Amino acid sequence: MEATSARFPANARAALGDADLRASLARLQREYRRDRAAVAARLPEFDALRDAAAAIKDHALDHLAFYLERFEERVIAQGGQVHWCRDGTEACEAVLAICRAEGATAVGKGKSMISEEIGLNAFLERNGIAPVETDLGEYIVQQRGEAPSHIVMPAIHLNVKQIADGFRAAHGALDPARALDGPDALLAEARTRLRDKFLSAEIGITGANFLVAETGSVVLVTNEGNGDLTHTLPRIHIALASIEKAVPTIDDAMALVRVLARSATAQEITSYTSLVTGPARAGDADGPRAFHVVLLDGGRSRLLGSERRAILRCIRCGACQSQCPVYGHVGGHAYGWVYAGPVGAVLTPALLGVPAAKHLPAASTFCGRCEEVCPVRIPLPALMRSWREEAFARRAGSATERALLKLWGAAVRRPALWRALVGPVSYVLAFCARRSGVYRALPLAGGWTGARDMPAPEGGSFVAAWARARKADAP
Amino acid sequence: MAAEAPEVGLFATCLVDSMRPSVGFAAAALLERAGCRVHVPRNQACCGQPAFNAGDRAGAASIARQAVAAFEGFDYTVAPSGSCAAMLRRHFPALLADDPGWSARAQALAAKSWELVSFLVDIRGMTETGARFDGSAAWHDACSGLRELGVRDQPRRLLASVRGLTVKVLPNAETCCGFGGTFCVKYPEISDAMATEKAREIAESGADVVLAGDLGCLLNIAGKLSRIGSTIRARHVAEVLAGTCDGPAIGAPRKRG
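Residue numbers (this note's numbering), protein chains in the order written: chain F, 154 to 628; chain S, 5 to 261.
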């Protein structure tokens, strides 16, 4: 997809003016906060589990090459194949080569953020292959020609009416007067449409929540059952995964599943937790006859050796998005690329570069809610700050901000000078606003006074006033 | 003897120093009531947070060194701000970790640096301040104090002891008000949306006054309340706890008419 992250401020302004979007996001945040708090409270060891989950991911990242090679050995031993891809282009080509070798054009897809990252759908369509999203949310946004706006709730930016309008536009053969007045009607229509796609798909493409090194299994965590239909019915299963998905054992994967479902959708466990281990064996009732894992680096190995490696612990639960107050006001599309919210603010500069993504780590109040709920305890504000440091070092930010910061720094490093300035300026500001108490407009402060008044200072410096008072008190 | 009064360095913070000296005096009064001897070193101005959060690590480190030097001589350093106290407590050691002359000094200062209300309750064992405030107050949890320092129950406990005060519970007291330092002027529309929501919830609470422990958040909230024409006033929690609410609230007129 074309990234619009560089236009974040304009994207955000447009989003803030969209009343439907604001209502959908407000509902997400209200309900998610309540439900996540409840599901966490029901599990006394939840925080200990989060520590364990972070430790599992850290260990896997410490020995990533070992576990990836072990995973590949196990996949091959079971008759599957692993395709190592340095970047999105290689990954798209690998998928296309498999489709071409099969002469396949009908592709069903389960949910995969990697496929969004590498632009797989558009690439396959350019090559005459029409992938159909089978996850309901992904199907909804695909019909509308949109990208997912949230990692686990791709259509969370839409309300029922918008979804119904999208279905009417996309399903032109159906009676335009049909009732599509609620989630059940929409689900029934999508299910009917998708049933044929499941049955006719020659290739099924899924994502992967975890890659289990000890067994060569791909773990898929889903709620709708579409994932299993996607990989068991077609002749070929292709799982897309980035390299940091590897974990040592099934036990490790299950420990992560326990924090994943609670953090993603406030469920204790999702409806389906599937372990896919190689193609169908002789005598199996179903399953694909070929099993491929397309393994993407896509900038991860560079992150692995960097100060920001903790972001590779991410298990894509979307909790940071669901809780972030900035995401909660502008939604996922404003961030302009695949990963929105706090996780996107850390990943996007790494994957697209600082110039394209400099706004994302800057557009945070550092309120810390993301870190507070992250199931693998990624220090998201600290990582965002590290991108701000890189942007500052490269002089990527505004020259005015830099100059003001320098002036302010020069003043506060000289406390006597600081107070010589603070005293007179604050007295003047206090005096001029003695009747209103606030300024409705101030030169150079339009960013503040455009939206709120600026309270006037009381007048004078506390430190200076204290010194005077103590001197007066002295015997 | 163990009960000897600790020497406390009051880190006023640049915002209290320049915008609202009465918060500094209220903090000093509370510390004295808690049995401390209060010092306000003149070699103080700022904790370096604006530089730190703008990505200017070297600038922040240089300001941090100055603050370490100004405060390391006291038994404790106390700031009437969660975010500034979190700078001293959480971020100075990391900022100066690679500086052999300062790393240990930054760590020593961090270990004895506190946000005002948590210091009063957790270190000094204060259970009531003896203050009186006739009216109702909504409490807003400023983010840094809440999440970086665990300041949650301490202010609620002390406020509960204030005679005449009814505490109103805000529905999303732990949600950011949209200040975020320079965030509020770099992304003013997003900040406005967050502040508007906060102001609406405060207005709906029916409280006479909104209280918090960080002046940055309070300037944002007071400014928004004023812009929407609300009569609800904003004050730093120290003013109510110290019983020094005689002067105008934040952004309130000093003269009638």
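Yeah, the Cβ is synthetic: ideal placement off N, Cα and C, and Gly gets one too.
Quick caveat, the model's predicted, so the values are computed rather than measured.
Worksheet item: How would you call I422/F, buried or exposed, if buried means at least 16 neighbouring beta carbons within 10 angstroms?
Response: Position 269 of the first sequence holds residue 422/F. Counting Cβ neighbours within 10 Å, I422/F comes out exposed, since fewer than 16 surround it.
Worksheet item: If you count every other CB in all the chains shown that lies within 10 Å of the CB of I229/F, and 16 or more means buried, which is it?
Response: Locating residue 229/F in the first sequence gives position 76, counting from the first residue. By the neighbour-count rule (16 or more Cβ atoms within 10 Å), I229/F is not buried but exposed.
Item to complete: List the residues of chain S whose Cβ lies closer than 7 angstroms to the Cβ of W571/F, in chain order.
Response: Within the first sequence, numbered from 1, the residue matching residue 571/F stands at position 418. Within 7 angstroms Cβ-Cβ: A49.
Worksheet item: Can we say the region 174 to 187 of chain S touches the region 110 to 119 of chain S, given the rule of at least three CB pairs closer than 8 angstroms?
Response: Segments in contact, no.
Worksheet item: Ordered along the chain, which non-local residues of its own chain (more than five positions away) have a Cβ less than 8 angstroms from that of A205/F?
Response: Translated into the one-based positions of the first sequence, residue 205/F becomes position 52. Residues A408 of the same chain have their beta carbon placed closer than 8 angstroms to that of A205/F, with the five preceding and five following residues left out of the count.
Discussion item. Strictly below 7 angstroms CB to CB, what residues from chain S border P568/F?
Written reply: Walking along the first sequence from the start, residue 568/F turns up at place 415. Against chain S, a Cβ distance below 7 angstroms from P568/F picks out R46, N47, Q48, A49.
Discussion item. From the DSSP secondary-structure annotation, give me the bridge partner or partners of S427/F.
Written reply: On the first sequence, position 274 is the one that residue 427/F refers to. S427/F pairs with L373/F.
Worksheet item: Between the region 359 to 379 of chain F and the region 214 to 230 of chain F, do at least 3 Cβ pairs fall closer than 8 angstroms?
Response: Short answer: they touch.
Worksheet item: In terms of residues, what are the limits of the beta strand (DSSP E) holding K172/S?
Response: Against the second sequence, residue 172/S aligns to sequence position 168. K172/S -> beta strand (DSSP E) spans 167 to 172.
Worksheet item: Quick one: is G261/S near chain F, going by C-beta distance under 8 angstroms?
Response: For this step, residue 261/S is matched to residue 257 along the second sequence. Low confidence applies here, because G261/S scores a pLDDT of 48, under 50, leaving its location unreliable; read the following figure in that light. Taking 8 angstroms as the threshold, the shortest C-beta distance from G261/S to chain F falls below it.
Worksheet entry | Exposed unless 16 or more other CB atoms sit within 10 angstroms - verdict on F161/F | The residue given as residue 161/F occupies position 8 in the first sequence. Under this definition F161/F is a buried residue.
Discussion item. Could you pull the DSSP bridge partners for I391/F from this structure?
Written reply: For the purposes of this step, residue 391/F is taken as residue 238 along the first sequence, with counting starting at 1. Under the DSSP definition of a beta bridge, I391/F partners with I358/F, H445/F.
Discussion item. Below 8 angstroms on the Cβ atoms is my contact criterion, and I expect V214/S with A141/S to pass it. Report the Cβ-Cβ distance as a whole number of Å.
Written reply: Here residue 214/S refers to the residue found at position 210 when the second sequence is read from its first residue. Here residue 141/S refers to the residue found at position 137 when the second sequence is read from its first residue. Confirmed, about 7 angstroms.
Fill in: Under 8 angstroms by beta carbon: chain S residues contacting S614/F
Taking the first residue of the first sequence as 1, we reach residue 614/F at position 461. Within chain S, the residues near S614/F are D21, S22, P25.
Worksheet item: If V412/F and L174/F are in contact, beta carbons under 8 angstroms, what's the gap, nearest whole angstrom?
Response: Taking the first residue of the first sequence as 1, we reach residue 412/F at position 259. Taking the first residue of the first sequence as 1, we reach residue 174/F at position 21. No, V412/F and L174/F are not in contact; Cβ-Cβ is about 29 angstroms, not under 8 angstroms.
Worksheet item: To the nearest angstrom, how far is it from the Cα of F183/S to the Cα of K190/S?
Response: By 1-based counting over the second sequence, the position of residue 183/S is 179. By 1-based counting over the second sequence, the position of residue 190/S is 186. Taking C-alpha positions only, F183/S is separated from K190/S by approximately 11 angstroms.
Worksheet item: chain S partners of P162/F, CB-CB under 7 angstroms?
Response: One-based indexing of the first sequence puts residue 162/F at position 9. Listed along chain S, the residues sitting closer than 7 angstroms to P162/F by beta-carbon distance are Y191.
Item to complete: Identify the contact partners of D240/F in chain S, using a Cβ-Cβ distance below 8 angstroms as the criterion.
Response: For the purposes of this step, residue 240/F is taken as residue 87 along the first sequence, with counting starting at 1. Those within 8 angstroms of D240/F in chain S number zero; the least Cβ separation is about 28 angstroms.
Practice prompt. Report yes if the CB atom of R69/S is closer than 8 angstroms to the CB atom of E611/F, and no otherwise.
Written response: In the second sequence, counting from the first residue as 1, residue 69/S sits at position 65. In the first sequence, counting from the first residue as 1, residue 611/F sits at position 458. The criterion of a C-beta distance shorter than 8 angstroms is not satisfied by R69/S and E611/F.
Item to complete: Buried or exposed for M5/S, please, with buried defined as at least 16 other CB atoms from any protein chain shown within 10 angstroms of its CB.
Response: Mapped onto the second sequence, residue 5/S falls at position 1. In this prediction, M5/S has a pLDDT of 40, which is less than 50 and means its spatial position is unreliable; what the coordinates show is noted afterwards. Around the Cβ of M5/S, a 10 Å sphere holds fewer than 16 other Cβ atoms; the residue is exposed.
Discussion item. Taking its Cβ as the centre, do 16 or more other Cβ atoms sit within 10 Å of G129/S, making it buried, or is it exposed?
Written reply: In the second sequence, residue 129/S corresponds to position 125, counting from 1. Burial check for G129/S: the Cβ neighbour count within 10 Å stays below 16, so the residue is exposed.
Discussion item. Report the CB separation of R239/F from D439/F in whole angstroms; it is logged as a contact under 8 angstroms.
Written reply: Stepping through the first sequence from its first residue, residue 239/F is reached at position 86. Stepping through the first sequence from its first residue, residue 439/F is reached at position 286. D439/F and R239/F do not touch by the CB rule: their CB atoms are close to 34 angstroms apart, not below 8 angstroms.
Discussion item. Does P284/F come out as helix, strand or coil in the three-state DSSP assignment?
Written reply: Numbered from 1 along the first sequence, position 131 holds the residue referred to as residue 284/F. Here P284/F sits in strand by DSSP.
Discussion item. 8 angstroms is my cut-off, CB to CB: does K116/S come that close to chain F?
Written reply: For this step, residue 116/S is matched to residue 112 along the second sequence. No, K116/S lies away from the interface with chain F (no Cβ there is under 8 angstroms from its Cβ).
Worksheet item: Which partner residues of Y80/S appear in the DSSP bridge assignment?
Response: The count along the second sequence starts at 1 and reaches residue 80/S at position 76. Bridge partners of Y80/S: V12/S.
Discussion item. Taking its Cβ as the centre, do 16 or more other Cβ atoms sit within 10 Å of D79/S, making it buried, or is it exposed?
Written reply: Translated into positions along the second sequence, residue 79/S becomes position 75. Looking at its Cβ environment, which holds fewer than 16 other Cβ atoms inside 10 Å, D79/S is exposed.
Worksheet item: If you draw a straight line from the C-alpha of A250/F to the C-alpha of M266/F, how long is it?
Response: Locating residue 250/F in the first sequence gives position 97, where the first residue counts as 1. Locating residue 266/F in the first sequence gives position 113, where the first residue counts as 1. For the pair A250/F and M266/F, the Cα-to-Cα distance works out to about 21 angstroms.
Discussion item. For the structure I just gave you, are there three or more beta carbon pairs, one from the region 52 to 68 of chain S and one from the region 192 to 202 of chain S, closer than 8 angstroms?
Written reply: No, the region 52 to 68 of chain S does not touch the region 192 to 202 of chain S.
Discussion item. Short of 8 angstroms Cβ to Cβ, which residues in the region 481 to 503 of chain F face chain S?
Written reply: Within the region 481 to 503 of chain F, contact with chain S at the beta-carbon level (separation under 8 angstroms) is assigned to H482, V483.
Worksheet item: Between V578/F and A609/F, what straight-line distance do the alpha-carbon atoms span, to the nearest angstrom?
Response: For the purposes of this step, residue 578/F is taken as the residue at position 425 of the first sequence. For the purposes of this step, residue 609/F is taken as the residue at position 456 of the first sequence. Roughly 11 angstroms separates the two Cα atoms.
Item to complete: Quick one: using the 10 Å Cβ neighbour count with 16 as the cut-off for buried, is T383/F buried or exposed?
Response: Stepping through the first sequence from its first residue, residue 383/F is reached at position 230. By the beta-carbon neighbour count (other beta carbons within 10 angstroms, threshold 16), T383/F is buried.
Item to complete: Identify every residue that forms a DSSP beta bridge with Q234/F.
Response: Along the first sequence, read from residue 1 onward, the residue named residue 234/F stands at position 81. For Q234/F, DSSP records a beta bridge to H445/F.
Worksheet item: Closer than 8 angstroms, CB to CB, is A364/F near chain S or not?
Response: Within the first sequence, residue 364/F is the residue found at index 211, counting from 1. Reading off the sequence, residue 364/F comes out as Leu, not Ala. Closer than 8 angstroms: no.
Worksheet item: Are H303/F and A493/F close, meaning C-beta to C-beta below 8 angstroms?
Response: Locating residue 303/F in the first sequence gives position 150, where the first residue counts as 1. Locating residue 493/F in the first sequence gives position 340, where the first residue counts as 1. For H303/F and A493/F, yes; Cβs fall inside 8 angstroms.
Fill in: For V374/F and T426/F, believed in contact at Cβ under 8 angstroms, the rounded distance
Along the first sequence, read from residue 1 onward, the residue named residue 426/F stands at position 273. Along the first sequence, read from residue 1 onward, the residue named residue 374/F stands at position 221. Correct: roughly 5 angstroms between the Cβ atoms.
Discussion item. Within 10 Å of its beta-carbon, does R113/F have 16 or more other beta-carbons around it, so buried, or fewer, so exposed?
Written reply: No information on residue 113/F is available, as it lies outside the stretch 154 to 628 that chain F covers here.
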